[in-house]
Amino acid sequence: MTPDALADIHAACFPARPWSAEELAALASETGAVLESTSIGFALARVTLDEAELLTIAVLPEAQGRGTGRSLLAALAARLTDKNVAQLFLEVAEDNAPARALYAQAGFEEVGRRRGYYARPQSAAVDALVLRRRLRAP
Ligand SMILES: CC(C)(COP(=O)(O)OP(=O)(O)OC[C@H]1O[C@@H](n2cnc3c(N)ncnc32)[C@H](O)[C@@H]1OP(=O)(O)O)[C@@H](O)C(=O)NCCC(=O)NCCS
14 MTPDALADIH AACFPARPWS AEELAALASE TGAVLESTSI GFALARVTLD
64 EAELLTIAVL PEAQGRGTGR SLLAALAARL TDKNVAQLFL EVAEDNAPAR
114 ALYAQAGFEE VGRRRGYYAR PQSAAVDALV LRRRLRAP
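Read left to right, the sequence shown gives residues 14 to 151 (our numbering).
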């Protein structure tokens with residue numbers, strides 16, 4: 014998938030804070046980057062030693078709700094497990110119900126909170142929840 018295609022999906026999902034094709038190309042080519050993608054969505058993680066962070070996951074709005082997010086996350090987790098990664102972390106806005114439901118279903122648990130992490134133009138800032146999923150026993 015090209016950086017332009019990734020950027021188009023990202024912009025459709027995060028109109029208030031889109032990442033450019035250049036930013037996405039740079040992130041995807043960093044040491045430790047793991048990208049899982051289809052024509053309608055992608056998930057990008059970064060591995061550091063035996064931990065990984067999910068940098069973003071996005072499915073085109075018109076294609077959401079059909080299992081793509083779950084599949085991308087499962088495929089990503091399988092690749093990270095193959096790389097012997099022990100834990101996968103991510104941050105999610107407390108008010109992002111679809112993403113929180115996806116992560117809960119995928120076995121993530123809350124391990125932290127960053128207060129007021131996400132600014133909101135029309136309302137008070139929203140906390141980020143830090144979630145973790147164990148991929149293998151410590
Ligand atoms: C979060 C996101 C990636 C989910 O992708 P998706 O393809 O729509 O998700 P799936 O169809 O695979 O759904 C998997 C599970 O997620 C949850 N879920 C997905 N959409 C949901 C919604 N609108 N409301 C509540 N739960 C939802 C459900 O638990 C669902 O399981 P179920 O179908 O058995 O009920 C997608 O909504 C998205 O791109 N959102 C915008 C970007 C974003 O917020 N990314 C996460 C940033 S932390």
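Where is the CB? At the ideal position from N, CA and C, for every residue including glycine. In this text, all values refer to a predicted model and were calculated from it rather than measured experimentally.
Own chain, CB closer than 8 angstroms to residue i, minus 5 neighbours either side, in chain order
{"i": "Ile-53", "result": "Ile-22, Val-72, Leu-73, Ala-76 and Thr-81"}
{"i": "Arg-133", "result": "Val-139"}
Assigned exposure category for residue i - 16 Cβ within 10 Å defines buried
{"i": "Val-124", "result": "exposed"}
{"i": "Ala-58", "result": "buried"}
{"i": "Ala-56", "result": "buried"}
{"i": "Ala-90", "result": "buried"}
{"i": "Arg-126", "result": "exposed"}
Distance, residue j Cα to residue i Cα
{"i": "Glu-64", "j": "Glu-104", "result": "14 angstroms"}
{"i": "Asn-109", "j": "Thr-44", "result": "29 angstroms"}
{"i": "Ala-137", "j": "Leu-62", "result": "36 angstroms"}
Beta-carbon proximity list for residue i, same chain, < 7 angstroms, skipping 5 on both sides
{"i": "Ala-106", "result": "Tyr-131, Val-139 and Ala-141"}
{"i": "Lys-96", "result": "Val-60"}
Contacts around residue i, its chain only, beta-carbon distance under 6 angstroms, and the 5 residues preceding and following it disregarded
{"i": "Met-14", "result": "Ser-50"}
Counting Cβ pairs closer than 8 angstroms, one from the region 138 to 149 and one from the region 100 to 120, do we hit at least three? yes
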